[in-house]
Amino acid sequence: MIDFSKIKTYSIKNRNNKVDAKDFYNNKRKSFSDRLPSILAANDLNNLVMDLKSAAKGKKQVIVMMGGHVIKCGVSPCILELMQEGMITHVAMNGAGSIHDFEIALIGKTSEDVAAAIDNGSFGMAEETGSLINKAVSESPDIGHGAALGRFITEKKLWYMHLSILARAYQLKIPATVHVAIGTDITHQHPSCDGAAIGRATYQDFKILTESVSKLEGGVIINIGSAVLLPEVFLKALTIVRNLGFEVRNFTAAAFDMMHQYRVAENIVARPTRLGGKGYYFIGRHEIMLPLLTDMLMGRL
8 MIDFSKIKTY
18 SIKNRNNKVD
28 AKDFYNNKRK
38 SFSDRLPSIL
48 AANDLNNLVM
58 DLKSAAKGKK
68 QVIVMMGGHV
78 IKCGVSPCIL
88 ELMQEGMITH
98 VAMNGAGSIH
108 DFEIALIGKT
118 SEDVAAAIDN
128 GSFGMAEETG
138 SLINKAVSES
148 PDIGHGAALG
158 RFITEKKLWY
168 MHLSILARAY
178 QLKIPATVHV
188 AIGTDITHQH
198 PSCDGAAIGR
208 ATYQDFKILT
218 ESVSKLEGGV
228 IINIGSAVLL
238 PEVFLKALTI
248 VRNLGFEVRN
258 FTAAAFDMMH
268 QYRVAENIVA
278 RPTRLGGKGY
288 YFIGRHEIML
298 PLLTDMLMGR
308 L
């Protein structure tokens, strides 16, 4: 029988501890950021805020990539404020993001009942959405998908233009790119769809994004709610700039999503930062996390 009396112990004073009471939440500190525990995701969030402020102060790239659900959660004003304040230098969306942004600009509403509409074949068939987006892209494919929509919204003075990320980017001369996979968006169902124009426009946007990624050294890239498409696009853009000899090693990569996603974890947080830099992954609802991040950056907490 094993003799437990011979088990060796040591003093807790000599142990390497990962948690220290000095890092606990402290309600005596003035700001929300300072009150947070200096532990795990709270510490990561504070570090991201500092990295974003440092990048903005140093005129470094801050690229924000987002899926369509971010706009549906009502946090476009967060992105708009950060763009206006010079905290974001490039916005990238998938096709769904651009559609929701456009519909908000057009009527102040978006997001149909897919389950009900799919039964009778009406899903995605709103005439104005399809015809106007396809018209904007077909008329100006050479400036890119994002700029084409931003310009259209601005020039047509759509009623809710003030809530459009693409329009604000166009007005501020901030690159706004839309990365489309043909067949994934409702606008591709419409007879007005011009696949060649869409391909030309989104390829131009890929080049524009790659140009921004070439200047990412010392900057920040954030992916919000795109599980597959934008992480894949970013990885290809990063590969190109490194292939061409650009020094893009030390930067901060952060992901915000409502659940853990494999490609986000690998293609945003882990693989790109292997040569240097930092990677953070935050799990939480967009409608909570984005206002929280924005208010921390703006010093309102």
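The numbering of the sequence shown is my numbering, which starts it at 8 and goes up by one. Cβ coordinates follow ideal geometry from the N, Cα and C atoms, glycine included.
When DSSP labels each residue in this structure, what does Asn257 get in the three-state scheme?
-> Position 250 of the sequence shown, counted from the start, is the residue given in the question as residue 257. The answer is coil: DSSP assigns Asn257 none of H, G, I, E or B.
Who are the Cβ neighbours of Ser129 in its own chain at under 8 angstroms, not counting the five residues just before and after it?
-> To locate residue 129, count along the sequence shown from 1; it is residue 122. Excluding residues within five positions, none has a Cβ falling inside 8 angstroms.
Reference Asn257, options Gly225, Arg278, Ile275 and Ile231, closest by Cα | Translated into positions along the sequence shown, residue 257 becomes position 250. Selected option, being the one with the closest Cα: Gly225.
Three-state secondary structure (DSSP) of Ala309 | Outside the displayed range of the chain (8 to 308) lies residue 309, so it cannot be described from this structure.
Would Val123 pass as a contact of Asp192 if the rule is Cβ separation under 8 angstroms?
-> Here residue 123 is taken as the residue at index 116 of the sequence shown, counted from 1. Here residue 192 is taken as the residue at index 185 of the sequence shown, counted from 1. Val is not the amino acid found at residue 123; the sequence shown has Ala there. Going by C-beta atoms, Ala123 is not nearer than 8 angstroms to Asp192.
With distances taken between CB atoms, is the gap from Leu245 to Val276 smaller than 8 angstroms?
-> Position 238 of the sequence shown, counting from 1, holds the residue named residue 245. Position 269 of the sequence shown, counting from 1, holds the residue named residue 276. Not a contact, by the Cβ cut-off of 8 angstroms.
Terminal residues of the alpha helix (DSSP H) in which Ile19 lies = Walking along the sequence shown from the start, residue 19 turns up at place 12. It is not in any alpha helix (DSSP H) - Ile19 carries neither H nor E in the DSSP assignment.
Can you find at least 3 beta carbon pairs, one from the region 237–244 and one from the region 193–206, that sit closer than 8 angstroms?
-> no
Check whether the region 32–44 touches the region 63–83, counting contact only when three or more Cβ pairs, one atom from each stretch, lie closer than 8 angstroms.
-> At 8 angstroms Cβ cutoff, the stretches do not touch.
Mind listing, in chain order, the continuous alpha helix (DSSP H) runs of no fewer than 4 residues lying wholly within the region 8–68?
-> 39–42 and 47–64
Check Ile133 in the structure and name its three-state DSSP category.
-> Stepping through the sequence shown from its first residue, residue 133 is reached at position 126. Just to set this straight, residue 133 is Ala in the shown sequence, not Ile. Ala133: coil per DSSP, three-state reduction.
Which residue's Cα is closest to the Cα of Ile247: Thr136, Ile215 and Gly137?
-> Start at 1 with the first residue of the sequence shown, and residue 247 comes out as number 240. The shortest Cα separation from Ile247 among Thr136, Ile215 and Gly137 belongs to Ile215.
Three-way DSSP call (helix, strand, coil) for Ile231 in this model = Walking along the sequence shown from the start, residue 231 turns up at place 224. Here DSSP, grouped into helix, strand and coil, assigns Ile231 to strand.
Option nearest Glu294 by Cα separation, candidates Asn34, Asp212 and Cys80 = By one-based count along the sequence shown, residue 294 stands at place 287. Measuring from the Cα of Glu294, the nearest candidate turns out to be Cys80.
Mind reading off the beta-carbon distance from Ala261 to His186? Whole number of angstroms is fine, and I expect it under 8 angstroms.
-> Within the sequence shown, the letter at position 254 stands for residue 261. Within the sequence shown, the letter at position 179 stands for residue 186. The Cβ separation is near 19 angstroms, so there is no contact.
Using CA coordinates, which residue listed in Thr280, Gly286 and Pro298 is at the minimum distance from Asp51?
-> Position 44 of the sequence shown, counting from 1, holds the residue named residue 51. When each option's Cα is compared against that of Asp51, the closest is Gly286.
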